[in-house]
Structures are given as C-alpha cells and as structure tokens.
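Chains A and B are the protein sequences, given in the same order. End of the first sequence = 1294 in the working numbering, gap-free, step of one. End of the second sequence = 561 in the working numbering, gap-free, step of one. Just so it is clear, CB atoms sit at the ideal spot from N, CA and C, and this is done for glycine as well. Note that the structure is a prediction, hence the values are computed from the model and not measured. Worksheet: one structure, shown below.
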Amino acid sequence: MIRGSLLLSALLALLCSTACASKEQLSNAEIEGQWLYESHCAECHENPQPDLHKQPPNLHGLFFRKSLPSGAPGTEEQVRETIIEGRGTMPAFDRRLRGDDVKNLIKYMRKLK
Amino acid sequence: MRRRVIEGGEELKSEKRLSVAKIVAVIGLLLLLAVSVGCNRTKKYSLQGEVVSKNQEISEITVKHGDIPGFMPAMAMPYRVKDPGIVQELQPGDKIAAEVILGKDSSDYWLEDIRITDESGRGHVKASAAPRMLMPGKRVPDVALINQNGSTIHLSDFAGKALLVTFIYTRCPMPNFCPRLSSQFARIHNELKKDPEDYTKTHLLTISFDPKYDTPAVLLKYGLAYLDGDQSGFSHWDFASTNPGDLARVAQAFGLQYEEEDNQISHNMSIVLIAPDGTVTKFWSTDWTWTELTENMRKAAHPNAQRGGTR
Chain A
1182 MIRGSLLLSA
1192 LLALLCSTAC
1202 ASKEQLSNAE
1212 IEGQWLYESH
1222 CAECHENPQP
1232 DLHKQPPNLH
1242 GLFFRKSLPS
1252 GAPGTEEQVR
1262 ETIIEGRGTM
1272 PAFDRRLRGD
1282 DVKNLIKYMR
1292 KLK
Chain B
251 MRRRVIEGGE
261 ELKSEKRLSV
271 AKIVAVIGLL
281 LLLAVSVGCN
291 RTKKYSLQGE
301 VVSKNQEISE
311 ITVKHGDIPG
321 FMPAMAMPYR
331 VKDPGIVQEL
341 QPGDKIAAEV
351 ILGKDSSDYW
361 LEDIRITDES
371 GRGHVKASAA
381 PRMLMPGKRV
391 PDVALINQNG
401 STIHLSDFAG
411 KALLVTFIYT
421 RCPMPNFCPR
431 LSSQFARIHN
441 ELKKDPEDYT
451 KTHLLTISFD
461 PKYDTPAVLL
471 KYGLAYLDGD
481 QSGFSHWDFA
491 STNPGDLARV
501 AQAFGLQYEE
511 EDNQISHNMS
521 IVLIAPDGTV
531 TKFWSTDWTW
541 TELTENMRKA
551 AHPNAQRGGT
561 R
C-alpha cells in the first residue's frame, strides 16, 4: 500500500513537472525565445479561448509533426511566414517581431514537447 | 472465538487501509494544489493611473494608466467598478492605485481595491483627455470609408438598416480585444443570417484604426477568415478603413481612443449601434455579450415589431 502511495505521489509529481515549464537547460537564444513565446504566443496557444472564432492550436511538438496545424508543411520557413504574416484569424506579428526575434522564438518552439 | 479474532484482524487491516488511503488522498490534494498554484496565470494586475472621466450610471471610470505588464500597455481606457460608492467618491484628476481583476473567461475585467493616492489634481483634467462621445439620439457623422474590395462606402449607405460598428486593427495580438470583437461579430453575423428579415435589415461594419497596414487586401484576407471563406458575407459585414482625419472624427464621436507607439496600437473597445434613421442608439465598451448586441440590433431593425427579450 505504501508502495502504491509512493507511485501515486511520483505520478502526481511528474504531472506537476510536465504541466509547468520544462527545467531543461536552455541556451541564451532559447531563453530569449522563451520570453518572446510567453509574451506573444502563450496567451492564445496555451489557454482555452472560448470567445475566439477558432481555437488557436497547441504548439507543443510542432516540429515533431509532419505538418503544421493548418496542413502546411512543418518547415521553419513556413512557421516564420505564419508568425510574420499571420494565418487565418491569427494576427500578423510583422513589425513587432523581426530578425533574431523570430529566429530565437523558433529555437524555443523546437524545445516545446 | 477464533472467528472474532480474525474479524478483529480484518477490522484492523481495514482501518490501516483507510488511513493509508487518507494519506494518499492528502498527498494527492497537496500536489494538485502545488500544480494549480505553480502553473495558473495570475488574474490580478496592479494599476496606477489618473481618473479621466466617470460614468456613474453604468459604474465605469476611464483611467489613463501606465504599462500594466502582462495585461495592457499604457493607455486611457474605461474600467467597470463593482462598488458604485467608489465611483461617486472618485473625481476626474484623482490619482489612483487599484487591482485589475480578469473574469473567469478572460473576456471581462474590472477594478477592485481602488485607493486614491493623490487628489490634488481634482478638476484639472484637460477637456481633450476626456472622450467626447455622441449622445444616444444624435446623428452620426457621414464619413467616407474604403472597404475590403477597395470601394468607397459611407455610413449613410446603411440608412434603413440597424448598423453595428466597431473598431479593430488586424495585427492586434490581444485575444480579449480585436480578436474577440471580430469573433463575436462573426457570431452575430451567423445568428442574423438565420432569419432573412433580420439579415436584410441589419449590417455590420468593422473599421480599422491602422489604415497604413490594413489596406483593402489585408482587410479582405482578415474578413474572409472570420466569414469562413464566404465572400457573400461581405454584403452584410464590411471591413473598412479611412483617412486619418475622418478616423479621428469618427473615433471621437464613438468614444474610441487609440495611440500608436512602438509598432503596437494601444486602444480601448467601442461598439456603437446606429439606428435605421442614422442616429446613435447605444454604446458598449467593456461589458457586453454577442447575444445582447444581436438582440439590440434586431430591436433597432424592427422598431415596431413585438419581439421577446428586454432592451
């Protein structure tokens, strides 16, 4: 029984660690990307948005899939284009994110599992 | 006797099982609590600013405030206040500190715990800082706009229809603002489409306050996303922009405030219902639902009809 309770505790601890941010070591560029993700993307892509016309997709594991949620090929170029120009009801981040911002953001998004 | 001992042993075992189960339950609850405390986003933000105006009737104050990290850039915008006594006490010019509380569905917010930090500025608010909106019943200015097809339209083109107008910019990244406005307008559009009588007697108009970026081509793409690709929907819902001069006129008339800085536009929300005779019926800013707007549109479109609901 004690073993059972330990197992349950371990499972819940695992749940906690996966639900919160990953503790994996990040490079400086990825830390910058994480900050950009938290400030520009997380609000819509990490939380349910029942008031929006379309639910923004979850971006975890984006680069581990064959295609993007839109069906477009899951390439870095396609993700960059979506960020800059927007897609569907997602706003364009043109002029707000540029150059290294997008690069660092994508580097961090690659870490999202 | 032997049986009683065994029964007693089982009783002990079951008591032990019960206490282990309790421990497991407590550990589980503690861990779940840790998850919720550690991972939930806070829904409370500190605000510091100056009262620009107040509307006691709807318990709302407009506050010019600095950056509210994670919630809102520096701007002047209206906030609901739950305690009408505080609204009575506050005066334009008062400097305040307060907490912005976000509602459960993140679509609603209001102020709590309002403290006046400095009341020496009372009565010294510049007239231009306070919105000078049209009062209900007043005729709206007939500005010219360019819609998503590049055609010129006028507000007067919609005479004879109930016209619901709002303001957005397509690059707005804040889900509670422009994306919410357009999403809720899409719901209104789809609801009105169900009844041809409602559909022909109503119109939706979304005006961009970012004409430099929101060209007709950009507005066409944006509109189609909310119309699910149905081009025919533009006959009932226009997406338009106008020149800076007319935009300023219409913004002032409709209580819209916007300010561009650092490639982002700080703005409030303004929705106005214009009656078929071209006069303002009602304004909304922070506290509205798409069903309420739809019902008000129907009533304005069919003023003599006996329909359910309350205004």
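Tell me whether glycine 353(B) is buried or exposed, calling it buried when 16 or more other Cβ atoms sit within 10 Å of its Cβ. Around the Cβ of glycine 353(B), a 10 Å sphere holds fewer than 16 other Cβ atoms; the residue is exposed.
Where aspartate 363(B) falls: helix, strand or coil (DSSP): In the structure shown, the three-state DSSP call for aspartate 363(B) is strand.
Please compile the residues from chain B whose C-beta is within a distance smaller than 8 Å of the C-beta of arginine 1261(A). Result: empty, since nearest Cβ-Cβ is about 16 Å, beyond 8 Å.
Can you tell me the Cα-Cα spacing of threonine 452(B) and lysine 1294(A), whole angstroms? Cα to Cα, the separation comes out at about 47 Å.
Per DSSP, what kind of secondary structure is lysine 314(B) in: helix, strand or coil? In this structure, lysine 314(B) counts as strand in the three-state DSSP scheme.
Might you give, ordered along the chain, the residues of its own chain that have their beta carbon closer than 8 Å to the beta carbon of histidine 1234(A), omitting 5 neighbours on each side? Closer than 8 Å at Cβ, skipping near neighbours: Thr1270.
On a Cα-Cα basis, can you pick out the residue from Ser1220(A), Asn1209(A), Glu1213(A), Tyr1289(A) that is closest to glutamate 1257(A)? Per the Cα distances, Tyr1289(A).
Within 10 angstroms of the Cβ of phenylalanine 1245(A), are there 16 or more other Cβ atoms? Answer buried if so, exposed if not. Result: exposed.
Local conformation of leucine 431(B) per DSSP, three classes: Here DSSP, grouped into helix, strand and coil, assigns leucine 431(B) to helix.
Leaving aside the five residues before and after glutamine 1230(A) along the sequence, list all residues of the same chain whose C-beta is less than 7 Å from its C-beta, in chain order. By the criterion of a C-beta distance shorter than 7 Å, glutamine 1230(A) is surrounded in its chain by Gln1236, Pro1237, once the five residues flanking it on both sides are discounted.
Check whether the stretch 519-537 of chain B touches the stretch 497-511 of chain B, counting contact only when three or more Cβ pairs, one atom from each stretch, lie closer than 8 Å. The answer is yes - the stretch 497-511 of chain B touches the stretch 519-537 of chain B, with three or more Cβ pairs under 8 Å.
Within 8 Å, do at least three Cβ pairs link the stretch 381-400 of chain B to the stretch 332-346 of chain B? The stretch 332-346 of chain B is not in contact with the stretch 381-400 of chain B.
Tell me the DSSP secondary structure of alanine 550(B) in three-state form. Note: alanine 550(B) maps to helix in three-state DSSP.
In or out: proline 446(B) buried (at least 16 other Cβ within 10 Å) or exposed? By the 10 Å Cβ count, proline 446(B) comes out exposed.
Phenylalanine 1244(A) CB to nearest chain B CB: under 8 Å? Using a CB distance cut-off of 8 Å, phenylalanine 1244(A) does not count as an interface residue toward chain B.
Name the DSSP bridge partner or partners of arginine 330(B)? Paired residues: Glu310(B), Trp360(B).
Check whether the Cβ of glutamine 434(B) lies closer than 8 Å to any Cβ atom in chain A. Yes, because at least one Cβ of chain A sits closer than 8 Å to the Cβ of glutamine 434(B).
Is it a yes or a no for the stretch 1249-1268 of chain A touching the stretch 1213-1220 of chain A, going by three-plus beta-carbon pairs under 8 Å? Verdict: no, contact absent.
Quick check: what's the CA-CA separation for aspartate 480(B) versus methionine 327(B)? Roughly 34 Å between the two C-alpha positions.
Unbroken stretches of the beta strand (DSSP E), 3 residues or longer, contained in the stretch 449-483 of chain B: The stretch 449-483 of chain B contains these whole beta strand (DSSP E) runs: 452-458.
Please say whether proline 466(B) and leucine 497(B) have beta carbons closer to each other than 8 Å? Cβ atoms of leucine 497(B) and proline 466(B): not closer than 8 Å.
Could you tell me the boundaries of the beta strand (DSSP E) in which tryptophan 534(B) lies? Its beta strand (DSSP E) spans residues 530-534.
Close-in-space but distant-in-sequence residues of the same chain around glycine 1214(A) (CB under 6 Å, 5 per side omitted): Taken in chain order, the residues that qualify are Asn1285, Leu1286, Lys1288, Tyr1289.
Top-ranked residue by Cα proximity to arginine 1291(A), from Phe1274(A), Arg1261(A), Arg1268(A), Ala1273(A): The option with the nearest alpha carbon to arginine 1291(A) is Arg1261(A).
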